[in-house]
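J.: Okay, handing you the structure first.
Chains as they are written, first to last, in our numbering: chain A, 3 to 166; chain B, 84 to 409; chain C, 87 to 957.
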């Protein structure tokens, strides 16, 4: 099928690329743009390893056509670090064992980003429920909860420091 | 697994969408949230020439109050429905059902229209092309056999949407638009009861709006779903119950089930069994029996039909009791 | 947890954590090369068939297709075990399961390759197939492999002690059949391999082969590639990038790894193959469906007198690790409890399904489920508490078990004690409301196999360390990081031994060109074996540094202590024993204040010399400071390099002969230099109307010898328990006549966060005499106890004993109904794979009626007799 030129906003930058109409956003990111942080783990939209934010809302990039998200703001795992340093959620995932093999981690980080954007101080129950979109085979999820709580705390302390 | 090739059409308005449909009706699929269609296309269950992507049609999304009730645009996400204060207050059974669909991220994508139009599911159908070749193609796609009921000629693929039973309980109507105009039907008339041609949607039609009548507002509602995991899974059996009470008695009630028939169905007799009664264990149990009788599960999913029917009985009883206690 | 170490025992973020949390880290599928092509594999639609012919001409003509590879392109057998070389990369004469590999298309894109697969015409002669192992064992003809009579891959018959006498002495005997259904790893990363040939500059022809692959065993892969491609091993370089989980599924050579290389050779271009999730399920190598007929006898005081187990494993179409699996199932009946008499009859049976192999807790898990369930029943029979009966049967180490396993460190008593205490077992057991219950179970696992699957005297792990003038420590290890923390463990051990900071250590791992041989990440061997090799390599280098430093400091080598990036004379204060490798003793004496001071002054020194080779300035600094009783790490390194040149050290590990097991046939599998131990209590509730089981909490105590990195150890314990819970409740590969009904993550139900329970990991440290800093394995041993702990808790909650896993709601409800003798519902009908005749009533594939698959409309009709006649 003939390729078409599309324009995507990704992590605050604009990219022009030629894709087939059937190209999935995940493949455009990974193959056309070399942003391989988003992962493919399944073929039936069940695992969440490819999760990205579309206008701030978590969605599966393996279930979106690249052409469909023109005009929307796409955030991928590559857009999460802050000024070249780890965001607090990334740092605490490392410290608390939230990532083992790491394959599902980018998807989880995106899911957590969208959770925390919506709800600054979620309960454990809310965290548990929000994380249920993504599958992890290593951690049993528990150390992720600790990591998320630690990141929230780090943000809170950080904000307090800024205010002072 | 790549998607089959197709041409993508991206209208911005309903009018544009209708013009596109008029021009390309034939081998076309309508794409909304994509959570059902995209994986199915990967499995080559659909190989359309055109895909009509409705995502850009803003007028199809949103929840509005009207004099006659509440109108929900077909493109409204299940997440928006789950979060809507009006719906939570007025039509809680829909809120409950929407909140159980798949997973939070999938609800960010999936739409109410898509959930209504959800393709029927079967273990012998929702498989890759390679798999289906190995097994032998079935009635629903490319073949003329049924693996679920060998020798039969009917397709038993199960309708597995969570919100339609809730909508049935609420007496919802849907509006479909085509280049020829709009038509509005009660939701229960939308489904055929067949696993293969499961809905009455013409090839140039789209579901545009869902109407929740004012007379169903305020019904207490409960949705109970059998699934193996607490998230991600499609229902293996589901029950919606909506009850209106006055003076401790049931003034009106409806019970609908899903995932155990080729269509979501209202349990006939449930209304009669409940109306005018003060709900107790034995009444709830009787309604459970009615629901189990209505359920016709076959081996379309991982759990056995016997078990799923039994769970319809148990879940209905529990949902009726919970709705009464609400 | 301060044991006087600087690094060991401290919670440490993984050295590759940032790569993983930023998405910057590369897994195999994240790589691409210029001119790279995509390979797609054609799989067999039949469970058992002879390949009569393959016609690839139509596929080859498709625009964008570069090559089509078939069995003839590499007609060599391989297999992970030397006794099991029964696989071809692509089928040569026969296919043995639905999903077996038939051909591979190499094309410029995935879509074109997929299209070309539809154009390959294969003519099969369908053969009768075997799906149930007990049926398969009766086979006289149409054998799956011609040389395997009755489709039995291997059977073993062991008797230790006098089992008959043991049963005669028993006061109570329990006997039952247990079935554990098939589960798979479902690692989040689908297998992927990228293969590329370098052009030889001298011959101008394709020369060396470079392979990037998601593997747990790069050296085995190099070896098997060499066999099949008929190339010398030194012409093959295998690189293991980040691996997205293994759990055993990548612990042997998987077909795509060889196919990609053969395809790259034929296509004369780099080829990448990444499995679809469905293909991952077909590649499988998971835990076999296991039928266990178990008989156990106990005395009235709870002492076990004898165990007799007949185990039948449904191994699938190829050997894989099967011979090892069936041996582990018997061998690991020992080494947990003191059992004087054991009879074991194990059968590894071939069936027409994907090959089973090694999966987390390899071989022990299913038998442990049966054994611990039965022990619970026996405790009830003799009127004893379930925790107490386990305490009655403890080993008394150091000892050699009746089946020849050497046990040294043994933390099981403490594991039981701690879980019992933390879970409130004594106060709560039997006192919870109806429908809620507690169950206890124990398990253990090897810290690496004492005997390598390749029979040789080669060390199992070798590690090189290099330190150059920049003061950076580079550790070269063949051990494979697969998410378990292997690289971090390596860095920690090197840093602790050298007394340097973790940030100074770089780990170069699992690249056959750069790193010395390590046999791979499986059987929980890495911490024990690669860890010991790292420690030895570090001590080698340390000797060189110490000699030079002692000279500079005008003291004896024995007086030096390496700590916190400093080399200290007399350890700062006291005289030390000065054992080369025993960092623990010499460092325990230092006060916190000295440490803090040392760290501070180190920071100012290294701040000035960081990244530079400023010998002059160092010497100047030394003069300024006068006589030395301490050197910075850089100063000591530079002094040693001035003398030796760049510093290198090599350490290797081979298990000691005493740990290598008994002399009986098959006695080589099971022995390990050390065993980990686990005791768990699970708390569950059971919905008696639906049969749904909810696990509320699991207390899991695990004896890992020493926790090198507690956050990782806890992660491994939690992960094991969680995976065990998946097998106990939701995970099952469902088969209908050789078709896998749930080849995807939507239908193969790996638990989501919602139903995942709280797990309280409890670390028990028995300090193994041979482990590195006393460490043993922590990644597998806990899995096996979870399943019986849950089963026993279900029994406690509602009084039904589940004999078949997973304990799905329908199985639990069926058991409840059977117990109540209520209106019987035959709920397991139709999902019971032992009754193939019955599935057919409930539907199933049609090939068995000799109808064959109906052609897709995209296919050209091969002849006019196609059935179904849709078109």
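The C-beta atom is built at its ideal place from N, Cα and C for all residues, glycine as well.
Taking a Cβ distance cut-off of 7 Å, strictly less, list which residues of the stretch 373-387 of chain B are near chain C, in chain order.
T.: Cβ contacts with chain C come from 382, 385, 386, 387.
J.: Within 10 angstroms of the Cβ of residue 851 of chain C, are there 16 or more other Cβ atoms? Answer buried if so, exposed if not.
T.: Result: buried.
J.: Can you tell me where the alpha helix (DSSP H) holding residue 462 of chain C begins and where it ends?
T.: 451-467 is the span of the alpha helix (DSSP H), which, as asked, contains residue 462 of chain C.
J.: Sort out for me which residues DSSP pairs residue 282 of chain C with in a bridge.
T.: DSSP, once it has assigned bridges, lists C:296 as partnering residue 282 of chain C.
J.: If you draw a straight line from the alpha carbon of residue 36 of chain B to that of residue 224 of chain B, how long is it in whole angstroms?
T.: Residue 36 of chain B lies beyond the stretch modelled for chain B, which goes from 84 to 409, so this question has no answer here.
J.: Just reading off the alpha helix (DSSP H) that residue 306 of chain C is part of, what are its end residues?
T.: Its alpha helix (DSSP H) spans residues 304-315.
J.: Using DSSP with H/G/I as helix, E/B as strand and the rest coil, what is residue 221 of chain B?
T.: The answer is strand: DSSP assigns residue 221 of chain B an E or B state.
J.: I need the DSSP call for residue 327 of chain B, collapsed to helix, strand or coil.
T.: Here residue 327 of chain B sits in strand by DSSP.
J.: Assign residue 788 of chain C to buried or exposed, taking buried as 16 or more other Cβ atoms, counted over all protein chains shown, within 10 Å of its Cβ.
T.: The residue in question, residue 788 of chain C, is buried, as its Cβ has 16 or more Cβ neighbours within 10 Å.
J.: Excluding the five sequence neighbours on either side, which residues of its own chain have a C-beta within less than 7 Å of the C-beta of residue 979 of chain C, listed in chain order?
T.: Chain C is shown only over 87 to 957; residue 979 of chain C falls outside these bounds and no answer can be derived.
J.: Can you find a CB in chain B that lies within less than 8 Å of the CB of residue 278 of chain C?
T.: Judged by the 8 Å Cβ criterion, residue 278 of chain C is not in contact with chain B.
J.: Taking a Cβ distance cut-off of 7 Å, strictly less, list which residues of the stretch 211-232 of chain B are near chain A, in chain order.
T.: From the stretch 211-232 of chain B, no residue has a Cβ closer than 7 Å to chain A.
J.: Output needed for residue 138 of chain A: all residues of its chain with C-beta closer than 6 Å, excluding positions within five of it in sequence on either side, in chain order.
T.: The answer, listed in chain order, is 106.
J.: Can you list the residues of chain C that residue 278 of chain B reaches, using a CB-CB cut of under 8 Å?
T.: Ordered by position in chain C, no residue passes the 8 Å Cβ test against residue 278 of chain B, which lies about 13 Å from the chain.
J.: Hey, residue 784 of chain C and residue 872 of chain C: beta-carbon distance below 8 Å or not?
T.: Going by C-beta atoms, residue 784 of chain C is nearer than 8 Å to residue 872 of chain C.
J.: Could you name the residues of the stretch 345-368 of chain C whose beta carbon sits closer than 9 Å to any beta carbon of chain A, in the order they occur along the chain?
T.: Going along the stretch 345-368 of chain C in chain order, one finds 360, 362, 363, 364 with a Cβ nearer than 9 Å to chain A.
J.: Closer than 8 Å, CB to CB, is residue 100 of chain C near chain A or not?
T.: It does: the Cβ of residue 100 of chain C has a partner Cβ on chain A nearer than 8 Å.
J.: Report the three-state DSSP secondary structure of residue 966 of chain C (helix, strand or coil).
T.: Residue numbering for chain C in the displayed model covers 87 to 957; residue 966 of chain C lies beyond these limits and cannot be assessed.
J.: Excluding the 5 residues flanking residue 607 of chain C on each side, which residues of the same chain have their C-beta closer than 8 Å to its C-beta?
T.: Excluding positions up to five away in sequence, the list reads 302, 303, 332, 337, 565, 566, 567, 568, 570, 572.
J.: In its own chain, which residues sit with a C-beta less than 7 Å from the C-beta of residue 140 of chain A, not counting the 5 before and 5 after it?
T.: Taken in chain order, the residues that qualify are 102, 103.
J.: Run through DSSP, which three-state label would residue 253 of chain B get?
T.: Residue 253 of chain B falls in the coil class under three-state DSSP.
J.: Could you give the uninterrupted runs of the alpha helix (DSSP H) lying entirely in the stretch 321-409 of chain B, keeping only those of 4 residues or more?
T.: Listed in chain order, they are 353-357, 364-377, 388-408.
J.: From this set, B:226, B:190, B:275, which residue's C-alpha is nearest residue 202 of chain B's C-alpha?
T.: For residue 202 of chain B, the nearest C-alpha among the options comes from B:275.
J.: Comparing C-alpha positions only, which one of C:645, C:171, C:358 sits nearest to residue 120 of chain C?
T.: With distances taken between Cα atoms, residue 120 of chain C lies closest to C:358.
J.: Rounded to the nearest angstrom, what separates residue 393 of chain C and residue 419 of chain C at their Cα positions?
T.: Taking the straight line from one Cα to the other gives about 8 Å.
J.: With the cut-off set at 8 Å, would you say residue 153 of chain B and residue 173 of chain B are in Cβ contact?
T.: Contact flag set, yes.
J.: Is residue 107 of chain B helix, strand or coil when you go by DSSP?
T.: Helix.
J.: Please confirm if residue 95 of chain A has its CB atom under 8 Å from at least one CB of chain C.
T.: With 8 Å as the cut-off, residue 95 of chain A counts as an interface residue toward chain C.
J.: Since residue 45 of chain A meets chain B, which of its residues come closer than 9 Å, beta carbon to beta carbon?
T.: By Cβ distance, chain B contributes 84, 122, 125, 126, 211.
J.: Beta strand (DSSP E) containing residue 94 of chain A: first to last residue?
T.: Segment 90-97 is the alpha helix (DSSP H) holding residue 94 of chain A; no beta strand (DSSP E) there.
J.: Using the Cα positions of residue 300 of chain C and residue 279 of chain C, report the straight-line distance between them to the nearest angstrom.
T.: Each residue's alpha carbon lies about 7 Å from the other.
J.: Against chain C, with Cβ distances strictly below 8 Å, would residue 117 of chain A count as a contact?
T.: With 8 Å as the cut-off, residue 117 of chain A does not count as an interface residue toward chain C.
J.: Under 8 Å between the Cβ atoms of residue 374 of chain B and residue 399 of chain B?
T.: Result yes, Cβ atoms of residue 374 of chain B and residue 399 of chain B sit closer than 8 Å.
J.: Note the first and the last residue of the continuous alpha helix (DSSP H) segment covering residue 807 of chain C.
T.: It spans 796-815 - the alpha helix (DSSP H) in which residue 807 of chain C sits, taken as one unbroken run.
J.: Applying the 10 Å Cβ sphere with the 16-neighbour rule, what's the burial state of residue 84 of chain A?
T.: The residue in question, residue 84 of chain A, is exposed, as its Cβ has fewer than 16 Cβ neighbours within 10 Å.
J.: Give the secondary structure of residue 445 of chain C by DSSP, where H, G and I count as helix, E and B as strand, and everything else as coil.
T.: In the structure shown, residue 445 of chain C sits in coil (DSSP, three-state: anything other than H, G, I, E or B).
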